[in-house]
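Here's the structure, in C-alpha cells; my notes come after.
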Amino acid sequence: DRLSREALALADEAGDPLAVAAATRARQMACAHPSQAAERLALAVRIGAAGRALGRPGVTVWEHIWRIDMLLELGRLPEVVAETVALHRCVEQARAPVAQWHLLRLQATTAQALGRYQEAEVLAASARDLFATIDDAYGARYMWLGFRTSVALHTGIDQEIVDGWAGFDPASGPPFLGDMSVFGPMMAFAGVGDRRRALALYDRLAPIDIWQPPRFLWTMLHSMRLHLAVALGCLADVPRLLEALGKLRGFHACASAGPIVYAGPVELWLGIGAHALGRWDHAVVDLEAALSTCRRIGARGFAVQAAVELATAWRDRGTGDDVEQATTLLAEARPEAHALGMAPWVARIDAVLPSLSGPDSPLSARESEVAALVAEGLSNRQIAARLYLSERTAQNHVQHILTKLGFSSRAQIASWHTSRSAAQMSPSQAGARSSM
77 DRLSREALAL ADEAGDPLAV AAATRARQMA CAHPSQAAER LALAVRIGAA GRALGRPGVT
137 VWEHIWRIDM LLELGRLPEV VAETVALHRC VEQARAPVAQ WHLLRLQATT AQALGRYQEA
197 EVLAASARDL FATIDDAYGA RYMWLGFRTS VALHTGIDQE IVDGWAGFDP ASGPPFLGDM
257 SVFGPMMAFA GVGDRRRALA LYDRLAPIDI WQPPRFLWTM LHSMRLHLAV ALGCLADVPR
317 LLEALGKLRG FHACASAGPI VYAGPVELWL GIGAHALGRW DHAVVDLEAA LSTCRRIGAR
377 GFAVQAAVEL ATAWRDRGTG DDVEQATTLL AEARPEAHAL GMAPWVARID AVLPSLSGPD
437 SPLSARESEV AALVAEGLSN RQIAARLYLS ERTAQNHVQH ILTKLGFSSR AQIASWHTSR
497 SAAQMSPSQA GARSSM
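The sequence shown maps to residues 77 to 512 in our numbering.
Structure (C-alpha cells):
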C-alpha cells in the first residue's frame, strides 16, 4: 500500500504520463478491497487522462475496464451495459488481444448477471479461446470451468462440468489464488450432492478464524464460502462469515479487479446464512432487500433465487401472512425461472409449494419438499444435493414419509404428491403450469 502510494506520488512529480499510467496500475491492484472502490474510480479517471495524453488507446482502455469492474461490484448493471459500449469502441482502437479479452470477459459476466445464460457462455468460450493464445491454456480452462459452474448454479450442473473439475489439480492453480482454486470444484461437487469430495476440498481452506482471501476476491469468496458452509453443513463457520459480509451491505459478490463471474448482492448471501442459523427475521430483512435490488437492476436469475430463498424463509418463520406471501411469490417466480432455463429452481419451487399447504398436511414442511423431489424421480443423493442435506438425512426423510403415509414404495409417495398438488392448485395456476 505504502509503496504504491509513493510510486504514484513520484510519477506525478515527474509529470510523465507513461510513468503515471504505470504507477496508477500498481496502485489500482494495491487498493482492491471493496471499501476502496471510490479510490479505484478516481484511478480509472487518472489512467484515462494519461492514455489520452499519450495518444494510446491501449492505456485509455483501462479507464473503462476499471469503471466496469467497480460498477459490477456496486451492482449498477444498467451503467455497466452503457460503459461496455464505450469500452468496445476503445478496444477497436487499441487492437490489442489483452484488451479484447477484457471486453469479452466483461460482456460474458454482464450477460450472466442479467440472466442471459446462453449468450454468456458463448462470450465466455470466446474469452477462453483468446486467453489461451495470450497466456496459457491452463488459466483459460480454469476460468472457463469457474464461469460455467457459476452459471450452472442457476441452470443446473451437468456431468461435463463435474468431469472437468475431477481432472483439475487445485495445487496447480494460479499462484495468486493459493488455496482459493478449490472453490470451483467444491461448488460443482456440492451441487451434484458429492458431499465427500466437496468436504475434502473445504477442509483444505484455512480455519475461518485466520482465513484471509485475496483482497480483490474478498466479497466474492466470503459469499461463496458462506454458500458452501451452508450447503455442506459447516454451520460453525457461518457466524464469522456473516460478520465479515455484514460490513459489505450494498456491495455485490464479484471480484473487485478482473471479475469473471457475478454472484448477486451481498444481502442474498447474508439472508441465506441467517436462514441456515434459524435467524428468521434477519433472513427475511436481507432477502427482501436482495430481491428488491435484483429486480431493480435487472439481475433476473438472482431475483428468482432471492424470491425462492425469501419464500422459504417466510415459510419457516410462519408468522402473520408469511405463508400467503410465500405462495404468491413462488407463483410469480416460477414462470420467470422457466423462461430463463433455471431448471433446478423450477424444481425447487415445485418442491416448496406443497409445504405451504397448511396444517392439514400429514407431513412436515421439509418432508413435503422431499416428497415433491421423490415425485420428480430424484434419488436420495440428488435430493440431498438439491436441499443441502447429507444423503443419510435425505434417506431418513424418505423413510419417515413412508411411515407417516403408510406406504411401502417411492412410487406411492410420487402418486400421493402428484394427486395432492393437483387438488391444491388453483385453476389459473394449473393453466399456467400446463402451458410450460
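For glycine and all other residues, C-beta sits at the position ideal for the given N, C-alpha and C.
What you are looking at is a predicted structure, and each value in this text was computed from that prediction instead of being measured.
{"Item": "Expressed to the nearest angstrom, what Euclidean distance is found between the alpha-carbon atoms of M300 and V360?", "Value": "20 Å"}
{"Item": "Around the Cβ of E82, are there at least 16 other Cβ atoms within 10 angstroms (buried) or fewer (exposed)?", "Value": "exposed"}
{"Item": "From the DSSP output, in three-state form, read off P283 for me.", "Value": "coil"}
{"Item": "Taking a contact to mean a Cβ-Cβ separation below 8 Å, would you say Y278 touches L297 in this structure?", "Value": "no"}
{"Item": "If I459 and A470 are in contact, beta carbons under 8 Å, what's the gap, nearest whole angstrom?", "Value": "4 Å"}
{"Item": "Quick one: Cα of A461 to Cα of L281, how far?", "Value": "21 Å"}
{"Item": "Identify the residues that DSSP records as bridge partners of P341: which are they?", "Value": "H328"}
{"Item": "Judging by CA-CA distance, which residue of L304, T295, L199 and L353 is the nearest neighbour of G326?", "Value": "T295"}
{"Item": "Around the C-beta of I336, are 16 or more other C-beta atoms found within 10 angstroms, so that it is buried, or is it exposed?", "Value": "buried"}
{"Item": "Given this structure, state the Cα-to-Cα distance separating A305 from W287, to the nearest angstrom.", "Value": "14 Å"}
{"Item": "Leaving out the 5 sequence neighbours to the left and right, which residues in its chain are closer than 8 Å to A129 when beta-carbon positions are compared?", "Value": "P93"}
{"Item": "How is H140 classed by DSSP in three states: helix, strand or coil?", "Value": "helix"}
{"Item": "Tell me whether A508 sits in a helix, a strand or coil according to DSSP, three-state version.", "Value": "At A508 the pLDDT is 46, less than 50, meaning the model places this residue with poor confidence and gives no usable figure here."}
{"Item": "Let me make sure I understand the geometry here. Which of G453, Q381 and A447 has the alpha-carbon closest to that of V422?", "Value": "Q381"}
{"Item": "Does DSSP classify D313 as helix, strand or coil?", "Value": "helix"}
{"Item": "Check this for me: beta carbons of A208 and A216, under 8 Å apart or not?", "Value": "yes"}
{"Item": "Quick check on this structure: which residue in L229, R468 and G453 has the alpha carbon closest to the alpha carbon of I489?", "Value": "G453"}
{"Item": "Helix or strand or just coil, what does DSSP make of Q288?", "Value": "coil"}
{"Item": "Please classify E485 as buried or exposed, where buried requires at least 16 other C-beta atoms within 10 Å of its C-beta.", "Value": "According to the sequence displayed, residue 485 carries Ser and not Glu. Flag for S485 reads exposed."}
{"Item": "So within the segment 98-145, which uninterrupted alpha helix (DSSP H) runs reach at least 4 residues, ignoring any that extend past its ends?", "Value": "113-130"}
{"Item": "Roughly how many angstroms lie between the CA atoms of A329 and H473, to the nearest whole one?", "Value": "34 Å"}
{"Item": "Check whether the Cβ atoms of R143 and I123 sit closer than 8 Å, and answer yes or no.", "Value": "no"}
{"Item": "In or out: M512 buried (at least 16 other Cβ within 10 Å) or exposed?", "Value": "With a pLDDT of only 45 at M512, under 50, the local geometry of the prediction cannot be trusted, and the value read off the model is given with reservation. Exposed, because fewer than 16 other Cβ atoms sit within 10 Å of the Cβ of M512."}
{"Item": "Inspect the beta-carbon positions of V174 and I233 and report whether they are closer than 8 Å.", "Value": "no"}
{"Item": "Using only CA atoms, which one of P411, L429, G374 and P420 lies nearest to T388?", "Value": "L429"}
{"Item": "Can you have a look at V161 and say buried or exposed, based on whether 16 or more other CB atoms are within 10 angstroms of its CB?", "Value": "exposed"}
{"Item": "On the criterion of 16 or more Cβ atoms from any shown chain inside 10 Å, does T395 qualify as buried, or is it exposed?", "Value": "exposed"}
{"Item": "Using three-state DSSP, classify E452 as helix, strand or coil.", "Value": "coil"}
{"Item": "If contacts are defined as beta-carbon pairs under 8 Å, then L439 and I425 qualify, I think. What distance do you get, rounded to the angstrom?", "Value": "Not really, about 18 Å apart at Cβ, beyond 8 Å."}
{"Item": "Could you give the residue range of the alpha helix (DSSP H) that holds L432?", "Value": "That residue, L432, is in no alpha helix (DSSP H); it is neither H nor E in DSSP."}
{"Item": "Output the boundary residues of the alpha helix (DSSP H) element that contains T469.", "Value": "E467 to L481"}
{"Item": "What number of angstroms, rounded off, separates the C-alpha of S332 from the C-alpha of W345?", "Value": "17 Å"}
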